[in-house]
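Okay, so here's the structure we're looking at.
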Amino acid sequence: MAGGSAQVALVQFRPAWAEQAYLRWAKIAHVVENWSQPWSSSAGTLPQLHGKDRSIVPSREIIRYLRDVENLDAKLSDAQRAQLAGFESLIRNDLHIALEWSRWADDEHYSRVTRKILVDVMPFPMSYAWAWFQRQAVLFRLRQHHSIDSEEAAKRVAAQAYEALTLHLGDGPWMFGEIGPTSLDCLVFGHLMDALREPIGAICFASHPKLVAFCKRVQKDLFDEPTPAIANLCGLAGEPNRFSESQGFNTVYRQSALRLSGWGDEAEGSKDAQASDEEKSLSKREREFQEGSRNAIMLAGGAVAGYLLYSNLVAFSFEDEEDDEYDEYDDDEDFDDDDDDDEE
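The sequence shown begins at 1 in full-length UniProt numbering and counts up one residue at a time.
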């Protein structure tokens, strides 16, 4: 697809799976720009949608904006819209908090999995500093959320939510049966694409195979083996998203996460294969970092921290939680029945 024919541009750091799914199902011509330096995004947090009218749509508003272009929920009844609003709140709030606990809270999982992925996809040495700052911001937010105040509570909430989604999906192809994909399918797919690569995904692999199968089917149809019509809708500005290289369903990251965190049984794959992967787990950047002298590390870290702090390029998200890249938990937000929302 030629860039000039695009109706919108989606700017992302981590893959914005839900938003990309909506764009593809709604047949909206678009380009995707992968941003490798999130601290230097002058327009705010990511993902963002840039319209041809120069408008910049923040993450929580993207699907609402796209609905005005092409409404995937047009065929839903009033009762189904009410269900959609409830599930949207569940995914955007409780499940997202559980995902954050899974990704950031456990010290060993953070150092051996979460930080490793960020180091792989971001330039050294900024990746280490940004990962540390981001973790502090996320942990601060998690401490403010009193209803889910521990990993154990997050696991219980996630298990209940996945059970509700499984029951709603049933044996149908979509979350609302034969109506076709809606914004709820986008939200569920977007969440699962992240969750199945984190320890929280053990719950689905162990007890909710229908959700896993749904996610894999959508990934295949929209991203891995899209029809020519879908493929021609999508353009790429710049380089491919490097997270896709680090977050496959069977990579060492998910296997290490499950084994280290205690969130569930080990993922598929033999222990010998996992051990072999772990022997290779140090990236070139990590080896360079670890082999450097202590003084050089301290100087680099101090310089990076000073640059980030005094340039105001790292936001702790204490002031504007609503537009945070990891989707803040605004429990007071009231989604009406037209409000839905929320890869290579």
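Where a beta carbon is used, it is the ideal one built from N, C-alpha and C, also for glycine. Keep in mind the model is a prediction, meaning the values are calculated, not measured.
{"Asked": "Validate contact between the region 56-68 and the region 8-24 using beta carbons, cut 8 Å, 3 pairs", "Found": "yes"}
{"Asked": "Beta-bridge partners of Q48, as assigned by DSSP", "Found": "V11"}
{"Asked": "Cα-Cα separation between N250 and D78, rounded to whole angstroms", "Found": "With a pLDDT of only 36 at N250, under the threshold of 50, the placement of this residue in the model should not be trusted, and no figure is reported."}
{"Asked": "Option in R242, R141, K116, G180 with minimal Cα separation from W130", "Found": "K116"}
{"Asked": "Identified DSSP bridge partners for I56", "Found": "H50"}
{"Asked": "Extent of the continuous alpha helix (DSSP H) to which E167 belongs", "Found": "According to the sequence shown, residue 167 is Leu rather than Glu. First-last of the alpha helix (DSSP H) with L167: 151-169."}
{"Asked": "Cβ neighbours of A18 in the same chain (closer than 8 Å, five flanking residues each side left out)", "Found": "I63, C186, L187, F189, G190, H191, D341, D342"}
{"Asked": "Helix, strand or coil at H96 [DSSP, three-state]", "Found": "helix"}
{"Asked": "C-alpha gap between Q136 and Y110, whole angstroms", "Found": "12 Å"}
{"Asked": "Option nearest V32 by Cα separation, candidates G172, L184, A16", "Found": "A16"}
{"Asked": "Short Cβ contact (9 Å threshold) for W20 with L222", "Found": "A quick correction: the sequence has Gln, not Trp, at residue 20. For Q20 and L222, yes; Cβs fall inside 9 Å."}
{"Asked": "Limits of the unbroken alpha helix (DSSP H) element including V31", "Found": "Per DSSP, V31 belongs to no alpha helix (DSSP H); it is in the beta strand (DSSP E), 30-34."}
{"Asked": "Element boundaries [alpha helix (DSSP H), containing G238]", "Found": "Where G238 is concerned, there is no enclosing alpha helix (DSSP H), given that its DSSP letter is neither H nor E."}
{"Asked": "With 16 other Cβ atoms within 10 Å as the buried cut-off, status of S102", "Found": "buried"}
{"Asked": "Residue of W39, H146, G51, I91 minimising C-alpha distance to Q134", "Found": "W39"}
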